[in-house]
Structures are given as structure tokens and as C-alpha cells.
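Numbering (my numbering), first residue to last: 1 to 457.
Working notes for the structure below.
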Amino acid sequence: MNIIISGCGNVGYHLARTLMKEGHNVTVIDADPEVCQRVSRQLDVLCLQGSGMDLDVLQEAGAAQAYLFIAVTRDEKANMLSALMARHLGCRIALIRLQESTALKSLSLLSRDLKLSLSLNPDELAARELVRILEFPASVSVDSFSAGRVELMEFEVQPDSPLIGKSLIAIRKTYPGRYLFSLCLRDTQASIPRGDFIVQARDHLTLMASRSEALAFFSRLKLQTAGIRQLLILGGGDLGLSLCQQLAGQPIQITLVEKDPARCALISAWFEKVDVCQGDATNHPFLQTLNFDAMDAVMAVTGSDEINAMLALYGRSRGLGLVFCRQNTHSYLPILQEARIRTVMPKDLATEQILGYVRSVDSRDENPIVTLHALAGGQIEALEFEIGPDAQRIIAAPLQSLPLKKNILIAAILRHARMIIPGGQDQLRQGDFIIVLAPAGHVRRLADLLENPPRRA
């Protein structure tokens, strides 16, 4: 597929690298000559210096022959205009990064002309991720499928956990329920565990279950299930604002720290119940005046990776259990992971969403990818498919008789709003939704789950 990406910041670069590895023909447009030089050195893509709003640049990039145009600069108006121009030149689909609600309103007037298939706001995606983790405070990360009917929750096995030394079969007998341990990350190695897998301390297990089943399981393990009451948000940028929006109406006392007085005034006007404090979040004595040590959770979401890492580490040093940190690059991840700090990376979430969409339109069949989430640092992917009318081969026999490829797990079936943890005798039906775990990049369409049928002589 021919894909053009306008803007090669954190989101654009990550997208270009991922789509390149998927085998697509990628062209990148960026106004910064240094960025273009770096991209040309590091990636096997065509990089053009210029603006996505420049007609000559779009023509040189091949917009007339492109299938997909992705505008991910930080200028919403530029994204909309460049997408509109690409569409009129002949590009089939346009995806746009948007940050502001005013841009979203303007976009609705242009959506018919743009034939826009997806608009994404990386900070909004990150806010959703953080809010989901607040609902499951024992989890390191939470991914949702089928409109929240199934949750995929990663949690760390603590040194005093009753799970240590037990096999997954023994755990299911001790803690019966409708759930599945679908993934284990031990040190840096991810695996899809079998029933005889023995749990060790500091393993990161991924639990697949409904919300109620997950809360019941965590409760029996005496892990935290109660919601938080006091939250401190450090940074009033787009992510901080999205957090306030998504937490509005919940019984949480939110304190937000922002240095810019104009931004403070804006947030105060929009969210009367949020305690907005103007000040420097890196000033520890100032933070202590906000009852820092008594907070149930702290989220460091400024625009600086370094400041966020420093603030998160300070929170851990003060004994806070729930500390979250926004990061744009992987530079500080080893330090943060060692300190048991939960991280969120907006660019990774945006890439997940776009990659799922790209694979769905690229498959050109009646069994599209509905949802895609990257797990275990990108080693494993969880994909949700809808079983369509042309999936006769995969519904022709019980699961135990299907020629599934190695290291692929059909982890759950969604049938008429009911989640099924499948066994070998279960058989898929048209209209089912399934959740599949597979090594990253191995499954691009439903047919990729099965070995190729033997050729007839």
C-alpha cells in the first residue's frame, strides 16, 4: 500500500517506522531539513522536505496514486487542509491528527469532502488509557475490546503473592472463574503460557476477563480494587485537559498544577470542580503544600519526558503507590520500569489505532480487524476480528481440529454479548467476534491464523 505521512515528529516517525516494517511503501513529508536527514538515514522510506499544504510537494509524494494520507503535524488547520488537497488529488483515504475540540467541529463540515475515515488525538487516547488503569488500580495496563465487554489487564506478581510457585491449572482450580491468563512477560521475554506454566515473582501476567470477573479475581488476591479519591495531575497541557474531561462527574478530587497562568485560567473556567494551582511542578516544597504525600495517585503529564520522569521518581520516593508518567520516547523507560512506574506513550497508542485500521483496509475481506493492541513492549499483538460470511474454513470445525499456526491463541469468543473462554470443542460461528494473541506482525487478516491448505497433487 502506498502511504504518505505529513509530519514526522514523535507520532509521525513511529508510524513511518512501523508501517515500513509492515511492508508498505511510505513517503514522509516534513518541513525540518534535519528531521528529513535523520529519517533518510534511519528508515527505508522516501522523505521530502516541505509542507503537506504545498501542491507541488503532494504531487511529488505521489498523492494521486496513494491509498492513504496521514496528517499528524501539531497544526490542526494544516492537517485538515493537506488532507483535503490529498483527497482532491486522488488519494483514497485521509486520516488526521486533531487536538482541539474546535478543530473537530470544523472537521464535521468537511468530512464528506474529505471522506475521512479516522481522526485521532494521541493525548485523548492516552487519557483513556490512564482512566482505565485508575478503574483497575492493581493493573499496569488495561486494553479494552468489544466496547469494554472484555478487558485485557496486565498486572505484576508481587513477592508475597499466593500465585507464586503455582501452575496456571492450579490457579484456575483455586480461583475459579471465567478468565484466562493469555500472556506472561518474564524479564523482557513474552510468551503465551500453557496450563503447566509456573508463576514466579515479578512476572507480568495478562488477565483476559470481563470487568466483573477481573475485579472478583483481584479482590480474592487482596489486590487493590477500590477507586481512588484524590488525584494530582502535574501538567495542564492537552493530556492534562483530556484527563479532566474524562474524569468529570466521577467522585474524585482532582488537583492540577500548571505553570502558565493563562492555561490555569482556561482550565479553571472549564472545570469548576478541579482545584487548579499555578506553580512549578518541579518545586518539591510547593508540591508538599498541595498535600502531595496523601494523594492516592499522581500523574506526571507535562510536555517534557525528563520532567515527567523526575516527578514520577519523586512520587515513588515519597511512598506513593500509583504513579503515572507520560513519555514520548523510550529513553527513560528502563529507569521508570525498574521503579514500578506506569507509563503511557501517546505515539504508541496512535500507532496502534492507525495500524489496526491500515490492516483492516489492506485485508480487503469481510472479516476486518476491529481492534488492535500492542502488548509486552510490542512483542505480541491482541487483535479482535469479526467472523464474516467468507470465513468458512475457520468455522468448519471445532477449534482443536483447526490448523492454527504456531504461537497463535484464540483467547476469547464474543457471542451475543457473552464472553466465552474457548476450549477445544468450541466452534466459531458467523457473527462471532474473536480475540486473538499472536507475535507482532504475524496476523494481518483472519486467514493468517491458519496454515495454508495442502496443495492437491
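Note that the Cβ used here is the ideal one computed from N, Cα and C, for glycine as well.
Of the other Cβ atoms in all chains shown, 16 or more fall within 10 Å of the Cβ of Asp143; this residue is therefore buried. Between the alpha carbons of Cys8 and Arg74 lies a gap of roughly 10 angstroms. Secondary structure of Asn25 (DSSP, three-state): strand.
One alpha carbon belongs to Ala66, the other to Leu449, and they sit about 29 angstroms apart.
Closest in alpha carbon position to Gln230, among Glu352, Cys244, Leu223, is Cys244. With 16 or more other Cβ atoms from the protein chains shown falling within 10 Å of its own Cβ, Gly315 counts as buried. In the assembly as shown, Glu306 is an exposed residue. Its beta-carbon has fewer than 16 other beta-carbons within 10 Å. Assignment of Ile267 by DSSP, reduced to helix, strand and coil, places it in the helix class. In this structure, Asn2 sits away from Gly90, with a CB-CB distance that is not shorter than 8 angstroms. Counting of Cβ neighbours within 10 angstroms places His204 among the buried residues, the total reaching 16 or more. Scanning its chain for C-beta atoms nearer than 6 angstroms, with the 5 sequence neighbours on each side dropped, one finds around Pro439 the residues Asn407, in chain order. Non-local C-beta neighbours of Leu402 in its own chain, meaning closer than 7 angstroms and more than five positions away in sequence, comprise Ile394, Leu450, ordered along the chain. Burial of Gly240 is indicated by the presence of at least 16 other C-beta atoms within 10 angstroms of its C-beta. Going by beta carbons, Leu183 and Leu437 fall inside the 8 angstroms limit. A straight line joining the alpha-carbon of Gly378 with that of Leu185 spans about 11 angstroms. Distance from the CA of Phe69 to the CA of Glu386, rounded to the nearest whole angstrom, comes to 26 angstroms.
Under the criterion of beta carbons closer than 8 angstroms, Ile335 and Ala309 qualify as touching, at roughly 7 angstroms.
In the structure shown, the three-state DSSP call for Met85 is helix. If you draw a straight line from the Cα of Pro398 to the Cα of Arg178, it is about 20 angstroms long.
With contacts defined by Cβ atoms closer than 8 angstroms, Arg211 and Glu151 form a contacting pair. Counting C-beta pairs closer than 8 angstroms gives three or more between the segment 247 to 263 and the segment 217 to 234, which meets the contact rule. Taking every protein chain shown into account, the CB of Lys173 has fewer than 16 other CB atoms within 10 angstroms, so this residue is exposed.
Taking all protein chains in view, the Cβ of Leu55 is surrounded by fewer than 16 other Cβ atoms within 10 Å, so the residue is classified as exposed. In this chain, the alpha helix (DSSP H) harbouring Asp56 covers 55 to 61.
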